[in-house]
Amino acid sequence: MAIEQIELPKIPVKVRGKGLDIISANISKVTIDVDASNFLYGKNRIRFDEKNINYSDRIHLFIVEMQDDSNLQVSMDKLVEKKKPISIQFASAKDEEFFIENKIINTQQRVTLKGPLALVSEIKNIKTQKISKKMVVDNKLNVSLINPHENIQLLKDTIVLEITQDS
């Protein structure tokens, strides 16, 4: 499963300690561990416990009170792999004409991507970098693929296109 959407909240915590420790805690990275082992597909409520607060061992604080916002939820989505068709992009109109005349043989390639079901379902195709006739070497082009979303992984980032070049 993958996190579908989450906004990182600020959890109010009242602490007692020396002034320097409190200042250090405010400027350092304080995190809270969340046990996600029981999370299921869909919305999951998050509960916080003071034992799960992480900060430097050099900071000595006493947790007086921690606000547990029982309305805080995280949405989980299924992690899936799907094949999607490629969409070839051309650098210019002249390059497009060149590739129409010298047909690309394997335009029906499909690329496997992996990610949350909601994101993967929205993607219709995977765009290529813009290709030009200058890229052709021995009737082949190595073309990079453009990742459609930061939370999606392309299982390969380049493809090879073959053309029939009329001499």
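Those letters in the sequence shown? Residues -3 to 163, by our numbering. From the three backbone atoms N, C-alpha and C, an ideal C-beta is built for every residue, glycine too.
Separation of residue j from residue i, as counted between CA atoms
i: T108; j: S117; result: 13 Å
i: T124; j: E77; result: 19 Å
i: Q69; j: Q63; result: 15 Å
i: N50; j: N34; result: 21 Å
i: V30; j: K10; result: 19 Å
i: L75; j: R12; result: 42 Å
i: I23; j: I42; result: 25 Å
i: E61; j: K25; result: 19 Å
i: D153; j: V132; result: 18 Å
i: D53; j: I119; result: 46 Å
i: A89; j: K129; result: 11 Å
i: L115; j: K14; result: 47 Å
i: D45; j: N143; result: 38 Å
i: A32; j: G38; result: 13 Å
i: K6; j: E146; result: 24 Å
i: Q161; j: N40; result: 56 Å
i: N135; j: N48; result: 59 Å
i: L151; j: P8; result: 41 Å
Same chain only: Cβ atoms within 8 Å of residue i, ignoring 5 sequence neighbours per side
i: I82; result: T103, Q105, R106, V107, N121, I122, K123, T124, L141 and I155
i: I127; result: I84, Q85, F86, A87, D91, F95, L137, V139 and L157
i: L57; result: V11, R12, G13, D17, I18, A21 and Y51
i: E93; result: none
Sequence-distant residues of the same chain with beta carbon closer than 6 Å to residue i, five excluded per side
i: K79; result: R106 and T108
i: I100; result: L157 and I159
i: T27; result: N50
Host alpha helix (DSSP H) of residue i (start-end)
i: N22; result: G15 to I23
i: F95; result: A89 to E97
Limits of the beta strand (DSSP E) - the one that residue i falls within
i: S140; result: K136 to S140
i: D73; result: Q69 to D73
i: V116; result: Looking at the DSSP string, V116 is not in any beta strand (DSSP E); the run it does join, the alpha helix (DSSP H), is L113 to E118.
i: M131; result: Where M131 is concerned, there is no enclosing beta strand (DSSP E), given that its DSSP letter is neither H nor E.
i: I59; result: L57 to M62
Whole-number beta carbon distance between residue j and residue i, since they are thought to touch under 8 Å
i: I55; j: A21; result: 5 Å
i: M72; j: L36; result: 7 Å
Cβ shell of residue i (< 7 Å), same chain only, five flanking positions each side left out
i: Q149; result: L109, K110 and G111
i: N98; result: I159, T160, Q161 and D162
i: L113; result: D73, K74 and V76
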